Amino acid sequence: MDLFILPVIVVIGIFLLFSVFFTVKQQTSAIIERFGRFTSIRNSGLQLKVPLIDKVAGRINLKIQQLDVIVETKTKDDVFVRLKISVQFQVRREKVYDAFYRLQNPHDQITAYVFDVVRAEVPKMKLDYVFEKKDDIAIAVKRELNEAMMDYGYDIIKTLVTDIDPDVQVKAAMNRINASEREKTAAEYEAEAERIKIVAKARAEAESKRLQGQGIADQRREIARGLEESVDVLNNVGINSQEASALIVVTQHYDTLQSIGEHTNSNLILLPNSPQAGSDMLNNMIASFTASARIGEEMKKENSNKGIEAKPKRKQQPPAEESGYDD
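In my numbering, the protein residues as written are 257 to 583.
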């Protein structure tokens with residue numbers, strides 16, 4: 257009989273030992289009840305309770321938890337959209353009793369408030385503003401949840417709008433609009449770049465023409481100065497100006513032919529180069545100079561005659577009549 261009672265006593269002792277001691281994990285609180293009535297709250301570590309009288313009614317997680325809520329609602333421009341709201345919450349240490357006894361299911365309570373706030377805020381906005389004002393939606397959800405859940409011992413750490421998903425057709429239309437806008441912007445930039453190239457090219461050509469004209473003008477000025485000096489030299493040896501000019505032109509004509517022949521890669525140019533052609537050129541030039549000199553003399557005479565006619569003639573005073581009275 258004693259052999260039978262001993263194992264029973266050992267089993268009962270082990271059971272009582274395990275019933276007296278229990279452990280609570282870090283960031284966790286245990287609720288102790290005695291005959292169904294709240295007794296105490298135990299924090300992390302090794303804890304004691306009265307066996308068969310006290311029991312652990314439940315444990316509360318004190319870590320920051322996250323609840324993801326997906327809400328489907330309609331915007332102001334009648335577009336259905338799905339929003340994913342992430343709520344981060346935590347049980348307050350001084351409110352463990354309220355969090356355990358006053359609220360049966362905190363997740364359902366938070367979800368209900370999120371639905372209520374989102375479906376009150378989003379219908380006031382158009383779809384584009386929902387994307388732009390998502391932080392305002394998150395702030396509104398946090399404010400409403402804080403006011404409601406604080407009495408139950410919960411603290412709302414942060415709320416985030418992590419996803420905004422419009423209807424598939426609306427999303428495709430938005431993508432087409434964005435693509436068109438980007439193509440339009442790209443076309444505008446390309447046109448502006450092309451305009452800048454054209455303007456720069458036109459300015460460069462204008463500057464080139466200006467410099468080219470300036471160079472030609474300087475060249476002609478130097479040629480004229482050289483011709484003037486050459487004419488002066490020829491005049492000193494008894495050659496008049498017309499003959500000197502004709503001689504210079506003929507000399508330049510043959511110098512040009514010589515310079516063309518010296519360049520092997522020059523294009524073929526047909527010029528009159530026979531002696532008779534040079535003589536004809538000289539005669540034509542002398543005739544032209546003579547004709548121009550004659551025309552110049554005639555123009556001078558005409559101008560001088562016009563000047564004489566333009567002078568007003570003095571009017572002659574009629575002779576005064578003699579008047580007298582006979583005595």
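The C-beta atom is built at its ideal place from N, Cα and C for all residues, glycine as well. Since the model is a prediction, treat every value here as computed from it, not as a measurement.
DSSP beta-bridge partners for L302? T279
What residue range does the beta strand (DSSP E) around Y357 cover? First-last for Y357: 352 to 357, but that is the alpha helix (DSSP H), not the beta strand (DSSP E).
From D364, V266, D421, residue whose alpha carbon lies closest to that of K390: D421
Please classify P263: is it buried, with 16 or more other beta-carbons within 10 angstroms of its beta-carbon, or exposed? exposed
Nearest residue (CA-CA) to K330, options D411, E450, Y385, S436: For the set D411, E450, Y385, S436, the Cα lying nearest the Cα of K330 is the one of Y385.
Among the candidates T295, A394, N299, whose CA atom is the shortest distance from the CA of N317? Per the C-alpha coordinates, the member of T295, A394, N299 positioned closest to N317 is N299.
With DSSP as the reference, label L401 as helix, strand or coil. helix
Report all residues from its chain with a CB closer than 6 Å to the CB of D419; omit the five preceding and five following residues, and keep chain order. K340
Quick test of the definition: if touching needs 3 or more C-beta pairs under 8 Å, does the stretch 393 to 411 touch the stretch 445 to 452? no
From I366 to L401, what does the alpha carbon distance come to, in whole angstroms? One C-alpha to the other measures close to 7 Å.
Nearest to F277 by alpha carbon, out of V306, V374, I297? V306
Within the stretch 322 to 383, note down every full alpha helix (DSSP H) run reaching 4 residues or more, in order along the chain. Runs found: 352 to 357, 362 to 377.
Can you tell me whether DSSP reads I288 as helix, strand or coil? strand
Alpha carbon to alpha carbon, what distance is there between V343 and D364? 12 Å
Cut-off 7 Å between Cβ atoms - residues of its own chain near R451, not counting five sequence neighbours on either side: none
Are the Cβ atoms of D423 and F291 separated by less than 8 Å? no
Taking the C-alpha atoms as reference points, what is the distance between I326 and A368? 11 Å
G471 - DSSP class collapsed to helix/strand/coil: It is helical.
Provide the residue(s) that pair with G612 in DSSP beta bridges, ordered along the chain. The question about residue 612 has no answer here: the residues shown for the chain are numbered 257 through 583.
How long is the line joining the alpha carbons of L273 and F356, rounded to whole angstroms? 28 Å
Taking the alpha-carbon positions, what's the E289 to V352 distance? 14 Å
Using the C-alpha atoms, what's the distance from R349 back to A286? 12 Å
Which class does D423 belong to by DSSP, given the choice of helix, strand or coil? Three-state DSSP puts D423 in coil, outside helix and strand.
Would you call K465 buried or exposed, if buried means 16 or more other Cβ atoms sit within 10 Å of its Cβ? exposed
For I587, which residues from the same chain have a beta carbon less than 8 Å from its beta carbon, with the 5 sequence-adjacent residues on both sides left out? Residue numbering for the chain in the displayed model covers 257 to 583; residue 587 lies beyond these limits and cannot be assessed.
With distances taken between CB atoms, is the gap from K319 to P379 smaller than 8 Å? No. Outside cutoff.
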